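For reference, the structure is listed below as C-alpha cells.
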C-alpha cells in the first residue's frame with residue numbers, strides 16, 4: 001500500500017490508497033475495454049471516478065501507461081473538469097450551490113451552518129468518512145434556490161432549518177438507525 005500526500009487548505013494529509021478486489025477487477029475490465037479505443041481518456045477517467053469515487057494517483061499512473069500517454073496529460077484533462085476529484089470523498093457528498101440565485105438567497109449561511117454542524121470546512125471529509133461538504137457552481141435549479149445536493153439527490157427552497165433536517169436524515173441513515 002502506497003501513501004499519497006495531498007495538500008488541503010495548507011494542511012498536509014497523508015492518505016493511503018486502498019482498493020477492494022472487486023474495484024480492481026472492475027477497473028481492469030474498464031481498462032481493457034476502453035484502453036485501446038481512440039479517445040478513451042475521458043471515458044476511462046469517468047469510469048475510474050465512478051468505481052473509486054475519486055482519481056487516485058496510482059490509478060492515473062496505470063491509466064497513463066495503458067493509454068501510452070504522459071501522466072501530465074491525464075492530470076491536465078482531469079483538472080479541467082470539475083466532475084473529477086483527486087481526494088477520496090465521504091459516503092455522502094453534500095454540495096451547496098453557490099450560483100448567484102442560491103448565494104443571494106442564503107446559500108453561504110447554509111454552508112456555514114452545515115460546516116459547523118459537521119465540524120469540517122468546505123472541501124473536507126468527516127473523520128468517519130461519512131460526509132464530505134463542498135460548495136459547487138450553479139447546478140441549474142435556480143427556481144428552487146437555495147439548493148443543495150446529497151450525492152445526486154437535490155433539495156431546494158432551503159433555509160438553515162430545512163437544510164439541518166436534510167442533514168439529520170442522512171446522519172440517521174449513516175448511523176444505521
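In full-length UniProt numbering, the protein residues as written are 1 to 177.
Glycine included, C-beta positions come from ideal geometry on N, C-alpha and C.
Source: prediction; values computed, not measured.
Quiz prompt | Start-to-end residues for the beta strand (DSSP E) that takes in residue 138 | solution = Here residue 138 belongs to no beta strand (DSSP E), and DSSP marks it neither H nor E.
Quiz item: Do the stretch 68-80 and the stretch 96-108 meet, that is, are 3 or more Cβ pairs less than 8 Å apart?
Solution: no
Quiz item: Can you give the Cα-Cα distance for residue 89 and residue 38, rounded to whole angstroms?
Solution: 30 Å
Self-check item: N- and C-terminal bounds of the beta strand (DSSP E) containing residue 153
Solution: 153-155
Quiz item: Of the residues 45, 51, 93, which one's Cα is nearest the Cα of residue 130?
Solution: 93
Quiz prompt | Cβ neighbours of residue 211 in the same chain (closer than 6 Å, five flanking residues each side left out) | solution = Any property of residue 211 remains undetermined from this structure, which presents the chain solely from 1 to 177.
Exercise. State the start and end residues of the unbroken beta strand (DSSP E) segment that holds residue 148.
Key: 148-150
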